[in-house]
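Here is the structure we will look at, set down as structure tokens.
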Amino acid sequence: MRPTTSTHEAQKQKQKQKQKQKLRIRRHQERLQKATARSSFAFEQGHVDVDHRIRWTVHQALQIAVAAKKDRCRSPRERDA
Numbered sequence: 001m002r003p004t005t006s007t008h009e010a011q012k013q014k015q016k017q018k019q020k021q022k023l024r025i026r027r028h029q030e031r032l033q034k035a036t037a038r039s040s041f042a043f044e045q046g047h048v049d050v051d052h053r054i055r056w057t058v059h060q061a062l063q064i065a066v067a068a069k070k071d072r073c074r075s076p077r078e079r080d081a
């Protein structure tokens with residue numbers, strides 16, 4: 001039995017949303033990796049001490065996590081706008 005077009009459209013829409021979500025998560029992870037790399041480089045160059053590096057990395061991670069959570073909590077209509 002073939003699915004109706006509305007069911008098929010709904011499945012395609014859901015698939016599209018999942019793909020967008022994965023892309024968003026990947027972007028957040030890339031930002032975190034870049035931030036960590038920057039703080040590591042600054043530490044190796046002697047520009048910052050260990051405590052500052054740890055605080056800064058945690059701060060960046062929290063900011064990115066909050067952004068990701070806000071992104072997940074918004075309705076799909078708001079995200080795509």
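Counting with full-length UniProt numbering, you get residues 1 to 81 for the letters of the sequence shown.
For each residue, glycine too, the CB sits at the ideal point set by N, CA and C.
Note that the coordinates shown come from a computational prediction; the quantities given were computed from them, not determined experimentally.
The Cβ atoms of Gln60 and Ala42 do not sit closer than 7 Å to each other. Closest by C-alpha distance to Ala65, out of His8, Ile54 and Arg31, is Arg31. In summary, Ser39 is buried, with 16 or more beta-carbon neighbours lying within 10 Å of its beta-carbon over all protein chains present. A distance of 7 Å or more separates the beta carbons of His8 and Ala68. In the three-state scheme derived from DSSP, where H, G and I count as helix and E and B as strand, Arg72 is classed as helix.
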